[in-house]
Amino acid sequence: MPPPEPQQPSHEARVLLAIQAYQKGQFRTVHAAAATYNASRTTINRRLAGVMSREKVTPNLTKLIKLTYKLTL
Numbered sequence: 002m003p004p005p006e007p008q009q010p011s012h013e014a015r016v017l018l019a020i021q022a023y024q025k026g027q028f029r030t031v032h033a034a035a036a037t038y039n040a041s042r043t044t045i046n047r048r049l050a051g052v053m054s055r056e057k058v059t060p061n062l063t064k065l066i067k068l069t070y071k072l073t074l
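Going by my numbering, the sequence shown opens with residue 2, and the numbers climb by one from there.
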């Protein structure tokens with residue numbers, strides 16, 4: 002199975018704009034910000050909770066390869 006393609010920048014931009022607008026108090030709820038910017042409410046909630054986007058996290062396979070390499074030395 003090929004790796005998933007990275008999300009379109011426009012999607013990430015919409016999420017960031019919704020988060021900024023919510024944090025500035027332009028919206029009373031995350032749901033309202035998500036609806037206005039056509040972004041996922043779940044994604045916005047996760048980002049507000051401190052969960053990084055998948056693109057910014059080191060892939061699990063890379064971690065496993067590094068660990069295997071260290072163990073074989």
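Glycine included, every Cβ here is placed at the ideal spot set by N, Cα and C. Note that the structure is predicted; figures quoted are calculated from it, not measured.
In angstroms with no decimal places, state the Cα-to-Cα distance between residue i and residue j.
| i | j | result |
| --- | --- | --- |
| leucine 65 | leucine 49 | 28 Å |
| histidine 32 | glutamate 13 | 17 Å |
| serine 54 | asparagine 61 | 14 Å |
| arginine 29 | lysine 57 | 28 Å |
Using 8 Å as the threshold, is the C-beta distance between residue i and residue j below it?
| i | j | result |
| --- | --- | --- |
| alanine 40 | valine 16 | yes |
| alanine 19 | isoleucine 45 | yes |
Compare the Cα-Cα distances from residue i to each of the options and report the closest residue.
| i | options | result |
| --- | --- | --- |
| tyrosine 38 | Leu72, Gly51, Ser11, Gly26 | Ser11 |
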